[in-house]
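Quick note, the sequence shown lines up with residues 1 to 221 if you use our numbering.
Notes follow the structure.
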Amino acid sequence: MSEKKTLAVIGGTGDLGGGLAWRWAKAGYRVIVGSRTQDKAETAAAGILADHPDAIVEGLANVDAAAAAELIVVTVPFSVQKVNLDAIREAAAGKVVLDCTVPLVPPKVARVQLPEGGSAGQLAQEILGDNVDVVSAFHNVGAEHLRSDQQIDCDVMVFGNKVAARDQAVELVEAAGMKAWHAGPLANSAAAEAMTSVLIGINRRYGVHGAGVRITGDPTK
Ligand SMILES: NC(=O)c1ccc[n+]([C@@H]2O[C@H](COP(=O)([O-])OP(=O)(O)OC[C@H]3O[C@@H](n4cnc5c(N)ncnc54)[C@H](OP(=O)(O)O)[C@@H]3O)[C@@H](O)[C@H]2O)c1
């Protein structure tokens, strides 16, 4: 992306979306926090502005947020992924949608339970249709690390069927302060989505606060 795009974060009132919106707002992106409820969106946007008074942030109902944005980020629980994507399908036409859904099925969230469609990323593409370029990322980033200026000890694998769409997500990962890796088509998203359940188990077993992943052998270092 040569110029910073306007971002909508659907479910941006939550832990992951709120934290990512906080980082992108700080990085100078115009961010629209989306919610099922406009009031809730405005309150969440005000919380980000309190920390970054110079940021350009507003809160809108999800559909309005999606319509006003150039790139849409979706951060909602797996159980409501479809209903939230159905709601924005029209507004998302012709755009890149960055889906962060991890297919956790409570109560056994530390057990890998991938959906029949292969991955939540592939389901998002199926729901939104061919005129939307779905990419997926941020599956392994603990939301508790985001609302701070600290470096996050986690790399981000970016999946998507089109390289140009993945490029846009790579830029957003870097803007949020993490190392991004092109990690192949949406079918590969299953690997990172599955890894989240493994990390949740490791958090519990070892008392880690938001374990992450790191790709070794970086040739740029
Ligand atoms: N939390 C993490 O550390 C983390 C890390 C990596 C990936 N993820 C994945 O990212 C996604 C979001 O995770 P999260 O922890 O941010 O989720 P969350 O805080 O529980 O929920 C995010 C938002 O989803 C919205 N939502 C829409 N429909 C909903 C419904 N029917 N019931 C409840 N909430 C609904 C809510 O926004 P409104 O009420 O404002 O509409 C809520 O604020 C999940 O798929 C998760 O697996 C999370």
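Even for Gly, the Cβ is constructed at its ideal location relative to N, Cα and C.
Report task. With DSSP as the reference, please indicate the residues paired to residue 35 in a beta bridge. Result -> DSSP links residue 35 through a beta bridge to 61.
Query raised in the report: With 16 as the cutoff for other CB atoms within 10 Å, does residue 170 come out buried or exposed?
Result: Label assigned to residue 170: buried.
Query raised in the report: DSSP on residue 1, reduced to helix/strand/coil?
Result: Note that residue 1 has pLDDT 48, beneath the 50 cutoff, so the model's placement of it is unreliable and no number is given.
Query raised in the report: Do the region 173-184 and the region 151-165 touch if we need at least three Cβ pairs shorter than 8 angstroms?
Result: Because the criterion of three Cβ pairs below 8 angstroms is met, the region 173-184 and the region 151-165 touch.
Query - For residue 90 and residue 26, the rounded distance between their alpha carbons - result: Taking the straight line from one Cα to the other gives about 29 angstroms.
Query - residue 219, buried or exposed, once every other Cβ within 10 Å from all chains shown has been counted against 16 - result: So residue 219 counts as exposed.
Query raised in the report: Do residue 106 and ligand 1 come close, with the Cβ less than 8 angstroms from some heavy atom?
Result: It does not: the Cβ of residue 106 is nowhere closer than 8 angstroms to a heavy atom of ligand 1.
Report task. Examine ligand 1 and report whether any of its heavy atoms sits within less than 8 angstroms of the Cβ of residue 17. Result -> Inclusion of residue 17 in the 8 angstroms shell around ligand 1 follows from its C-beta lying nearer than that to a non-hydrogen atom of the ligand.
Query raised in the report: How about residue 83: is its Cβ closer than 8 angstroms to a heavy atom in ligand 1?
Result: In this structure, residue 83 has its CB closer than 8 angstroms to one or more heavy atoms of ligand 1.
Requested in this report: Would you please state the rounded distance, in angstroms, between the beta carbons of residue 34 and residue 8? I believe it to be under 8 angstroms.
Outcome: Taking a contact as a CB-CB distance under 8 angstroms, the pair residue 34 and residue 8 counts as one, their CB atoms being some 5 angstroms apart.
Query raised in the report: What are the boundary residues of the alpha helix (DSSP H) that includes residue 118?
Result: First-last for residue 118: undefined, no H or E at that position.
**Report entry** Buried or exposed (CB count within 10 angstroms, at least 16 for buried), residue 215
**Finding:** Classified as exposed, residue 215 has fewer than 16 neighbouring CB atoms from the shown chains inside 10 Å of its CB.
Query raised in the report: Is the closest heavy atom of ligand 1 to the C-beta of residue 36 under 8 angstroms?
Result: Residue 36: yes, Cβ under 8 angstroms from ligand 1.
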